[in-house]
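Notes follow the structure.
Residue numbers (this note's numbering): 1365 to 1590.
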């Protein structure tokens, strides 16, 4: 892969993590291998002049890239995903995998989608799960806009971004056929103790409140046209 120092007027950049294999068609593009999805300064430097960012990795890396673009006011940049494993984000946005994902990343066009973030300023691309610590029941309440999702005990809740407005959807955990999804602009949750996992990454501490909501701007994802 071409190093970033060899390319000044960059239009497309490939970001991946150590241990990931970059598909051959992408290796001639400028890019960088990151030590981890929390490498904020490296992501900022790599995407500073990019018009398109191709993420070769998992949902955690994609979320980290979108988060940095959001915080740097660069949501006009096109973002493509080439999943390196199971990806809830790919399923959310109906993205292909394998060779088709690589081809789409290179040749596809981007379209705007609602961007979901939480109250820490972190983007959500796949799913977030809230449970009580140590396998206990989550005791509290959650609302999607004005509609109550639950009050009292629950196994937990799952939150996903939506392809369409109002932007965010949520459900209580349980058997899939019985799960009731509510859609809205925001979901607010309060509980005695919440163990939060965003896009496969555990929040570093137990919390008691959390809000996920649609950001004021969309993000641009390279995808298959409907």
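The C-beta atom is built at its ideal place from N, Cα and C for all residues, glycine as well.
Contact belief for residue i with residue j at Cβ below 8 Å, rounded distance in angstroms
| i | j | result |
| --- | --- | --- |
| residue 1565 | residue 1424 | 5 Å |
| residue 1519 | residue 1538 | 6 Å |
| residue 1476 | residue 1529 | Incorrect: roughly 11 Å between the Cβ atoms, too far for contact. |
Nearest-angstrom Cα separation, counted from residue j out to residue i
| i | j | result |
| --- | --- | --- |
| residue 1380 | residue 1398 | 6 Å |
| residue 1369 | residue 1395 | Since pLDDT at residue 1369 reaches only 41, below the 50 mark, its modelled position is unreliable, and the value read off the structure follows with that caveat. Going from the Cα of residue 1369 to the Cα of residue 1395 covers about 10 Å. |
| residue 1435 | residue 1428 | 11 Å |
| residue 1341 | residue 1405 | Residue 1341 lies beyond the stretch modelled for the chain, which goes from 1365 to 1590, so this question has no answer here. |
| residue 1563 | residue 1491 | 5 Å |
| residue 1498 | residue 1464 | 41 Å |
| residue 1507 | residue 1387 | 42 Å |
| residue 1459 | residue 1588 | 7 Å |
| residue 1462 | residue 1389 | 12 Å |
| residue 1377 | residue 1556 | 43 Å |
Among the options, the one whose alpha carbon lies nearest that of residue i
| i | options | result |
| --- | --- | --- |
| residue 1495 | 1439, 1521 and 1461 | 1521 |
| residue 1452 | 1558, 1583, 1488 and 1385 | 1488 |
| residue 1432 | 1527, 1401, 1382 and 1459 | 1401 |
| residue 1416 | 1390, 1391 and 1443 | 1443 |
| residue 1511 | 1546, 1526 and 1527 | 1546 |
| residue 1515 | 1527, 1485, 1553 and 1456 | 1553 |
Contact check, residue i vs residue j, beta carbons under 7 Å
| i | j | result |
| --- | --- | --- |
| residue 1534 | residue 1502 | no |
| residue 1480 | residue 1532 | yes |
| residue 1509 | residue 1549 | yes |
| residue 1469 | residue 1523 | no |
Chain C within 7 Å of residue i, Cβ atoms only
| i | result |
| --- | --- |
| residue 1569 | This model lacks chain C altogether, as it is built from one protein chain only. |
Residue environment, residue i, which counts as buried when at least 16 other CB atoms sit within 10 Å
| i | result |
| --- | --- |
| residue 1573 | exposed |
| residue 1483 | exposed |
| residue 1447 | buried |
| residue 1525 | buried |
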